[in-house]
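Peer 1:
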Amino acid sequence: HPVQQLALDTVATLTDVPRGKIALATDGCGVVSFGLPLRGLALAFARLADPSGVEDAPLRAALERIRDAMMAHPELVGGERRDLDTALMRAAPGALVSKGGAEGVQAVAILSGEARGLAIKVEDGDAAHRARSVSSVAAPWSPSALTRAPSSSANASPPRRSEPSPSEPPSWSAPATSSP
Numbered sequence: 228h229p230v231q232q233l234a235l236d237t238v239a240t241l242t243d244v245p246r247g248k249i250a251l252a253t254d255g256c257g258v259v260s261f262g263l264p265l266r267g268l269a270l271a272f273a274r275l276a277d278p279s280g281v282e283d284a285p286l287r288a289a290l291e292r293i294r295d296a297m298m299a300h301p302e303l304v305g306g307e308r309r310d311l312d313t314a315l316m317r318a319a320p321g322a323l324v325s326k327g328g329a330e331g332v333q334a335v336a337i338l339s340g341e342a343r344g345l346a347i348k349v350e351d352g353d354a355a356h357r358a359r360s361v362s363s364v365a366a367p368w369s370p371s372a373l374t375r376a377p378s379s380s381a382n383a384s385p386p387r388r389s390e391p392s393p394s395e396p397p398s399w400s401a402p403a404t405s406s407p
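Everything in the sequence shown is counted per our numbering, starting at 228 for the first residue and increasing by one.
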């Protein structure tokens, strides 16, 4: 459908991940969802935090409206019962935007100081909703965990997964970005 193609194009633009490298799936309510590297998700949230570097003027304006609406009404993002997103945005009004996703994914746009994006994936899916909360609150205090929006797409590359030995879990590392 043309709307789904436009959504895919927009996700590719904001994440610097080529369309063909974005996994497509359907969630429980029939909406297309996108699978992409955490680095791409963090980059999209860095651009949500500060869309000034987005060349497309309508997209830039839309990002500003979305970000401002999320900050003005955090309860409409996370609700009152699923409170991590709501609690984070209420604890730091005007300083961040937070949105959880399926299977232990959490993304945060940090507006204070230099705009940054943070993307976390709890490998086991975080069904108990414990690890995501701790990681989302602790990670912003670790500057190396945050991603800046690069000045060009040449600075963006996906994380690399190291091959674990049989006794240790896999680890992920994101390459450093250069300052814009």
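Just so it is clear, CB atoms sit at the ideal spot from N, CA and C, and this is done for glycine as well.
From a predicted model like this one, the values you see are computed outputs, not experimental measurements.
Whole angstroms are fine: how far does the CA of Leu303 sit from the CA of Leu286?
Peer 2: Straight-line Cα distance between these residues: approximately 22 Å.
Peer 1: Near Pro301, which residues of its chain fall below 7 Å by C-beta distance, leaving aside the five closest residues on each side in sequence?
Peer 2: Excluding positions up to five away in sequence, the list reads Asp312, Thr313, Met316 and Arg317.
Peer 1: Determine the direct distance from the alpha carbon of Val259 to that of Thr253, and round the result to whole angstroms.
Peer 2: Each residue's alpha carbon lies about 5 Å from the other.
Peer 1: Would you kindly work out how many angstroms separate the C-alpha atoms of Ile337 and Ala271, rounded to a whole number?
Peer 2: Roughly 12 Å separates the two Cα atoms.
Peer 1: Going by DSSP in three states, Ile249 sits in which element: helix, strand or coil?
Peer 2: Correct three-state label for Ile249: coil.
Peer 1: What do you get for Lys248, buried or exposed, if any count of 16 or more other CB atoms within 10 angstroms of its CB means buried?
Peer 2: Result: exposed.
Peer 1: Which same chain residues, not among the five before or five after Leu268, have their C-beta less than 6 Å away from its C-beta?
Peer 2: Here the set comprises Ala334 and Ala346.
Peer 1: Starting from Gly344, trace the beta strand (DSSP E) both ways and give me its first and last residue.
Peer 2: That run of the beta strand (DSSP E) goes Arg343 to Lys348.
Peer 1: What whole-angstrom Cβ distance do Leu275 and Val324 have, given they're in contact under 8 Å?
Peer 2: Confirmed, about 6 Å.
Peer 1: Given Asp277, which residues of its chain have a CB within under 6 Å of its CB, disregarding the five upstream and five downstream residues?
Peer 2: So the list reads Ala342, once near-sequence residues are dropped.
Peer 1: Could you check how far apart the C-beta atoms of Met298 and Gly327 are, in whole angstroms? I think they sit under 8 Å.
Peer 2: With 8 Å as the limit, Met298 and Gly327 do not qualify as a contact, their Cβ atoms being about 16 Å apart.
Peer 1: For Ala336, which of helix, strand or coil comes out of DSSP?
Peer 2: Note: Ala336 maps to strand in three-state DSSP.
Peer 1: Taking only the alpha-carbon atoms, compute the straight-line gap between Ala319 and Gln232 and give it to the nearest angstrom.
Peer 2: Straight-line Cα distance between these residues: approximately 35 Å.
Peer 1: Just to check my reading of the structure: Val238 and Phe261 have Cβ atoms closer than 8 Å, yes? What is that Cβ distance to the nearest angstrom?
Peer 2: Contact flag correct, Cβ pair sits at about 5 Å.
Peer 1: Give a yes or no on whether the minimum CB-CB distance between Asp295 and chain B is below 8 Å.
Peer 2: Structure shown: chain B not included; a single protein chain is present.
Peer 1: Going by DSSP, what residues sit across from Phe261 in a beta bridge?
Peer 2: Leu251, per the DSSP bridge assignment.
Peer 1: If Ala273 sits next to Gly340, beta carbons under 8 Å apart, how far is it from one beta carbon to the other, in whole angstroms?
Peer 2: Incorrect: roughly 12 Å between the Cβ atoms, too far for contact.
Peer 1: Just curious, the alpha helix (DSSP H) that Val230 is in, first and last residue?
Peer 2: Pro229 to Thr242 is the extent of the alpha helix (DSSP H) around Val230.
Peer 1: Only counting the same chain, and skipping five residues up and downstream in sequence, which positions put a Cβ closer than 6 Å to that of Pro332?
Peer 2: Residue identity differs from the one stated: residue 332 is Val in this sequence, not Pro. Only Lys348 meet the Cβ criterion.
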